[in-house]
Amino acid sequence: MKNRTFLAACVGAVILGAVFGFMPADQNMTKANGQTVVNTTQISRKVRGLNGPTPVKIYIHKDKIAKIETLSNHETPDFFNRAKAVLKHYEGKSVKKALSTKVDAVSGATYSSKALIQNVEQGLKYYNAHK
Numbered sequence: 009m010k011n012r013t014f015l016a017a018c019v020g021a022v023i024l025g026a027v028f029g030f031m032p033a034d035q036n037m038t039k040a041n042g043q044t045v046v047n048t049t050q051i052s053r054k055v056r057g058l059n060g061p062t063p064v065k066i067y068i069h070k071d072k073i074a075k076i077e078t079l080s081n082h083e084t085p086d087f088f089n090r091a092k093a094v095l096k097h098y099e100g101k102s103v104k105k106a107l108s109t110k111v112d113a114v115s116g117a118t119y120s121s122k123a124l125i126q127n128v129e130q131g132l133k134y135y136n137a138h139k
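All residue numbers for the sequence shown refer to our numbering, where the first residue is 9 and numbers rise by one.
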């Protein structure tokens with residue numbers, strides 16, 4: 009009987025959550041210390057460098073990109089460190105300006121840098137759609 013009561017309570021909580029909007033927070037975009045942080049791990053899960061996904065966190069303050077941080081990946085460190093140079097082209101720009109900026113891949117780290125560029129673009133588009 010206890011199990012049925014517990015099960016009924018759980019089902020009721022799920023239904024109430026759905027009705028009243030008490031669903032988990034968006035894992036792709038969070039707010040902290042006056043900034044919005046976009047995590048592209050799920051947004052860009054199909055974007056791949058040479059050895060797999062290359063997710064980033066984009067920190068946005070007052071609609072400007074404060075910084076971009078790379079997340080765990082399996083890229084070759086020497087090449088990936090060179091590829092990260094593409095991120096400086098976005099930092100300090102407004103989201104709108106960053107989305108219209110054409111950034112070239114880094115020679116010798118083409119796959120990694122193109123993946124980083126795609127992650128940033130998809131993350132910024134997600135931000136615009138959900139801010």
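In this text, a Cβ means the ideal position worked out from N, Cα and C, and glycines have one as well.
{"Asked": "So, is Leu-95 buried or exposed, given that buried needs 16 or more other C-beta atoms within 10 angstroms?", "Found": "buried"}
{"Asked": "Taking only the alpha-carbon atoms, compute the straight-line gap between Asp-112 and Lys-122 and give it to the nearest angstrom.", "Found": "8 Å"}
{"Asked": "Given Lys-75, which residues of its chain have a CB within under 7 Å of its CB, disregarding the five upstream and five downstream residues?", "Found": "Tyr-67 and Glu-99"}
{"Asked": "According to the neighbour-count rule (16 or more other Cβ atoms, all chains shown, within 10 Å of its Cβ), is Lys-54 buried or exposed?", "Found": "exposed"}
{"Asked": "Indicate the three-state DSSP secondary structure (helix, strand or coil) for Ser-108 in the structure shown.", "Found": "helix"}
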